[in-house]
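S.K.:
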Amino acid sequence: MKVLVVGGGGREHALGWRLSRDPEPPRLWFAPGNAGTAGLGTNLPIGSEDLRGVADWARRERPDVVVVGPEAPLCAGLADELLTLGIRVFGPVAAAARLEGSKAFCKEILEAAGVPTARARRCSDPAEARAAVRELGAPVVIKADGLAAGKGVTVCRTLDEADRAIDDALVRGVFGDAGRLVLIEECLVGEEASVLALTDGERIAVLASAQDHKRVADGDQGPNTGGMGAYSPAPVVSDADLSTLRAAIFEPVLRELRRRGITYRGVLYAGLMITATGPRVLEFNCRFGDPETQAMLPRWQGSFSRTLLACADGRLNPEAISWAPGACVCVVMAAPGYPGEYPKGAEISGIEDAERRVGVVVFHAGTAIRDGRLVTAGGRVLGVTALGRDIREAVTRAYEAVGCIRFEGAHFRRDIAARALARGRG
Ligand code: AMP
Ligand code: GLY
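Per the numbering used here, the sequence shown starts with residue 3, numbered consecutively.
#1: Out of SER126, ALA133, GLY88, GLY192, state which residue places its alpha-carbon closest to the alpha-carbon of VAL173.
#2: To test your reading of the DSSP string, which unbroken alpha helix (DSSP H) runs of 4 or more residues are found completely within the segment 139-212?
#3: Can you list, in chain order, the residues of its chain whose CB lies under 7 Å from that of ARG282, leaving out five sequence neighbours each side?
#4: Considering only residues of the segment 361-414, which uninterrupted alpha helix (DSSP H) runs meet the minimum length of 4 residues and lie entirely inside it, listed in chain order?
#5: Looking at the strands, I want to know which residues DSSP matches up with LYS109.
#6: So, VAL331 versus ALA396, is the Cβ gap smaller than 7 Å?
#7: Straight-line CA distance for GLU285 to ASP373?
#8: On the three-pair Cβ rule with 8 Å, is the segment 348-364 touching the segment 406-413?
#9: At a threshold of 6 Å, does CYS189 count as lining ligand 1 (C-beta to nearest heavy atom)?
#10: Let me confirm a value: ASN319 is counted as buried when at least 16 other C-beta atoms fall within 10 Å, else exposed. Which label applies?
#11: Does the beta carbon of ASN226 fall short of 6 Å from some heavy atom of ligand 2?
#12: Mind the definition here: the segment 31-45 touches the segment 366-386 only if three or more C-beta pairs lie below 8 Å; say whether that holds.
#13: For the candidate residues LEU310, PRO225, ARG61, whose alpha-carbon lies nearest to that of GLY152?
#14: Determine the direct distance from the alpha carbon of PRO128 to that of ARG182, and round the result to whole angstroms.
#15: Within the same chain, show all residues whose beta-carbon is closer than 7 Å to that of VAL404, passing over the 5 residues directly before and after it, in chain order.
#16: In the DSSP assignment, what residue or residues form a beta bridge with THR44?
#17: Leaving out five residues before and five after THR295 in sequence, what residues of the same chain have Cβ atoms less than 7 Å from its Cβ?
#18: According to the neighbour-count rule (16 or more other Cβ atoms, all chains shown, within 10 Å of its Cβ), is ILE393 buried or exposed?
#19: Taking one C-beta from the segment 56-63 and one from the segment 81-91 each time, how about it: are there three or more such pairs within less than 8 Å?
#20: Less than 7 Å between the beta carbons of VAL91 and VAL68, yes or no?
#21: Sorted by chain position, which residues of the same chain lie with C-beta nearer than 7 Å to TYR401's C-beta, five sequence neighbours on each side aside?
#22: Whose C-alpha, out of VAL360, THR369, ILE371, ASP179, is nearest the C-alpha of ALA388?
#23: What three-state label does DSSP hand ARG217 in the structure shown?
#24: Can you give the Cα-Cα distance for ASP315 and PRO65, rounded to whole angstroms?
#25: From which residue to which residue does the beta strand (DSSP E) around VAL255 run?
#26: Please state whether the Cβ-Cβ distance between CYS288 and GLU130 is less than 7 Å.
#27: Nearest by alpha-carbon distance to GLY178: which of GLY154, CYS158, ALA164 is it?
#28: Which class does VAL238 belong to by DSSP, given the choice of helix, strand or coil?
#29: Using a Cβ-based criterion (distance less than 6 Å to any ligand heavy atom), does ASP222 qualify as near ligand 2?
#30: Do VAL157 and VAL135 have their CB atoms nearer than 7 Å?
#31: May I ask which residues mark the beginning and end of the alpha helix (DSSP H) holding ILE353?
#32: With DSSP as the reference, please indicate the residues paired to THR265 in a beta bridge.
#33: Cβ atoms of ASP202 and ARG267: under 7 Å apart, would you say?
#34: May I ask which residues mark the beginning and end of the alpha helix (DSSP H) holding PRO2?
#35: Return helix, strand or coil for MET3, following the three-state DSSP convention.
#36: Is any heavy atom in ligand 1 found nearer than 6 Å to the beta carbon of GLU285?
This is the structure we're talking about:
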């Protein structure tokens, strides 16, 4: 089997790594991949947002399936393009990826499907937006409608902050077209969790839960990042919750999309707030999470490639999916300055030592090979990941592995999975 993985971060290394451990491992290509994926297959000089480049390669090489990691190419129509070439793709068509690409569309579907979510108003006029904020009261959340590289959401404690966020989006246009429309949303209180489901449009397989850590510093302080670590499963979501979420969220949303003539195939990621009155959907992503994937896939059992292919083909068998017992924890090591400006090109050492430890795998994110040396090439550099019998053992192993790895100015959170550990004690 030939598989092309689109993307070049930690998530794509984890996808490729898991594919390479299948009973019948496929041959792998990455567009563009990173230094970690280079050890699993062939890195192509094609960027993940180069739709033409990916489609041209696929037309020539006829992979059995293209697995798309990031949201941008999906929202831009990569799956549609590949399907017209008769190439199977794991990832939704643009009309379905709009669940992530437009927060207003997402809210419309959630409301039409009767799925629990925060109350919201859509506004493109600043005066109207300021009035909506006053109607909902502070705290309140202002969201740019379109893709804004994770920066489009502002949780505002006061009406002043909300007015500034409205100004940024609707008057100053800091998010460009992505922020010409905003959602003014009720602020929900609770603990966040990620629940992802594979779907072929009809059948649904809800995956193991996970929790990521979006703020840069311990105790959820400092600016938002792409994610500084993750663990799976997330005890805040019980097994009972997982089965009710299928009927409460995934089934009605997919049904509502089908009613509009849209078939969603791929993975649907629900970002949830577990409130005192139950889980509510904060957002949908049309792809695997990063770094949740790094903490989920090491526990995947059975053939990953066959499952992705079955999903793409419309013949998913949810029964075929199972998870190794225990837990998995991923600690992200980041470049100095991330999520702001950061240097590149620092030499990385110690990964082999880390990977000699029991249960440890190190996923590359922003790495490259320069003159034969492994160097940093992005903000999130590595996802140091460990399996364990439980969260406690996995956390200990992950941090011991982090201790083996060096690059100049490396920083990481020291409290990954602390919430799960505190719950265990409570
Ligand atoms: P999103 O991009 O929609 O996931 O939002 C980014 C982050 O903003 C989420 O992970 C939450 O921490 C926060 N957030 C989004 N919507 C809400 C809400 N309605 N209430 C409270 N926090 C929210
Ligand atoms: N870890 C958050 C995301 O993938 O969007």
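Note that the Cβ used here is the ideal one computed from N, Cα and C, for glycine as well.
M.R.: A quick look at the data gives this:
#1: SER126
#2: 161-168
#3: PRO118, THR119, ALA120, LEU190, LEU274, MET275
#4: 393-404
#5: Answer by DSSP bridge pairing: none, since LYS109 is not bridged.
#6: yes
#7: 42 Å
#8: yes
#9: yes
#10: exposed
#11: no
#12: yes
#13: PRO225
#14: 10 Å
#15: VAL333, MET335, VAL386, PHE414
#16: TRP31
#17: ARG13, ALA16, LEU17
#18: buried
#19: yes
#20: yes
#21: VAL333
#22: VAL360
#23: strand
#24: 14 Å
#25: No beta strand (DSSP E) holds VAL255; the alpha helix (DSSP H) holding it covers 253-261.
#26: no
#27: GLY154
#28: coil
#29: no
#30: no
#31: 353-357
#32: None; THR265 has no bridge partner.
#33: yes
#34: The chain is shown only over 3 to 428; residue 2 falls outside these bounds and no answer can be derived.
#35: coil
#36: yes
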